[in-house]
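Residue numbers (the numbering used here): 30 to 288. Glycine included, every Cβ here is placed at the ideal spot set by N, Cα and C. In what follows, a structure is listed as structure tokens, so that the remarks can point back to it.
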Amino acid sequence: MPARLHSQRVEAIVLRHADWGEADRLLWLFTRQTGKVQVVAKGVRKARSRKAGHLEPFTRVDLMLAYGRDLPIVTQAEAKDVLSNLRENLVLLGYASYVIELLDRFTYEEGENVALYQLLSETLARLNTETKPAFAVRYYEVRLLDLVGFRPQLFHCLNCGEEIRAEDQFFSFDRGGVFCPRCGVKEPGVRPVSMPALKILRHFQRSKYSEAQRLRLSDNVDQELENLMGYYISYLLERKLNTPSFLRRVRSNAGTGDF
Ligand SMILES: [Zn+2]
């Protein structure tokens, strides 16, 4: 054990945790300062632990981390935003878990990404307070793809280069963007994308959330985008995500697709 541990104060979102040893917990965090990190919280499963309530998934928390030879250790924790609706409402839990899973799958322990931290933090806060969770999540998908280097090309046909006009188009997972109707019909493996759905994606790509909110997302278009983005993201990750089927199940039990 070194005589003095190097310490750092960080702001983080708790992504997930797992039990570790007798009373400890492993935590996966996304920090503003150093991106994704894995840390240990000692003794938090003991009944008297004061840190435990500050370290639940989705929580935004100020932490003191001590660095030794092994994983960093949480020495102080103070929740800034516990986002309790995300744990109490199953549909919101489904959406929030999906948001976390996407971030987790698209990132490695690769260092600071303040823009991504900001997007994650804002999206979870929106889910916790706003009444349109699907809208916040569709926006998140588009912005996340940008920030992790998979921004789809939505303004020019990927084959002929023509500017995309106001009509239904095709989307290519393989090439990462749209094909115009003339080129798309000849291209194997593309999926149709309607003009209203494409309009939302393009708007999300260019706009701040406050501007994007002026758009109306109908249930039909939301469903189309959920499917399209779901397939595209699974294609990019080369494996199926776990959370969408949970989300579909809890949403149908809640009796409505959006609320
Ligand atoms: Zn074309």
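Rounded Cβ spacing between residue i and residue j (contact assumed at less than 8 Å)
i, j, result
"HIS83", "ALA52", "With a Cβ gap of about 16 Å, HIS83 and ALA52 do not count as contacting."
"GLY64", "THR152", "Incorrect: roughly 17 Å between the Cβ atoms, too far for contact."
"LEU121", "PRO162", "6 Å"
"SER36", "THR104", "7 Å"
"GLY218", "ASP203", "6 Å"
Buried/exposed call for residue i, threshold 16 Cβ in 10 Å
i, result
"SER281", "exposed"
"TYR261", "buried"
"VAL212", "According to the sequence displayed, residue 212 carries Cys and not Val. Classification of CYS212: buried, given that the 10 Å Cβ count is 16 or more."
"ASN271", "exposed"
"TYR264", "exposed"
"PHE288", "Reliability fails at PHE288, whose pLDDT of 41 lies under 50, so the model's placement of it is uncertain and the value that follows must be treated cautiously. Exposed: under 16 other Cβ atoms inside 10 Å."
"LYS80", "buried"
Pair within 8 Å by beta-carbon distance, residue i and residue j
i, j, result
"PRO86", "LEU94", "no"
"ARG134", "ASP91", "no"
"VAL279", "GLY123", "yes"
"GLN242", "ASP175", "no"
"LEU26", "PHE59", "The structure shown does not extend to residue 26, since the chain is modelled only from 30 through 288, so no value can be given for it."
"LEU230", "GLY206", "no"
"ALA70", "ARG54", "yes"
"GLU141", "GLN62", "yes"
"PHE275", "SER78", "no"
"HIS232", "LEU246", "no"
"VAL166", "VAL214", "no"
**Asked** Is the region 218-228 in contact with the region 189-200, if contact means three or more CB pairs nearer than 8 Å?
**Response** Taking one beta carbon from each stretch, the region 218-228 and the region 189-200 have 3 or more pairs nearer than 8 Å; the two touch.
**Message:** Closer than 8 Å is the cut-off here; do at least three beta carbon pairs connect the region 251-265 with the region 165-178?
**Reply:** yes
**Item:** Distance cut 6 Å, beta-carbon to ligand 1 heavy atom: residue list by chain order
**Value:** CYS186, ASN188, CYS189, GLU191, PHE208, CYS209, ARG211, CYS212
**Message:** For the region 110-128 against the region 146-161, do three or more pairs of beta-carbon atoms, one drawn from each stretch, fall closer than 8 Å, so that the two count as touching?
**Reply:** The count of Cβ pairs closer than 8 Å, one atom from the region 110-128 and one from the region 146-161, reaches three, so the stretches are in contact.
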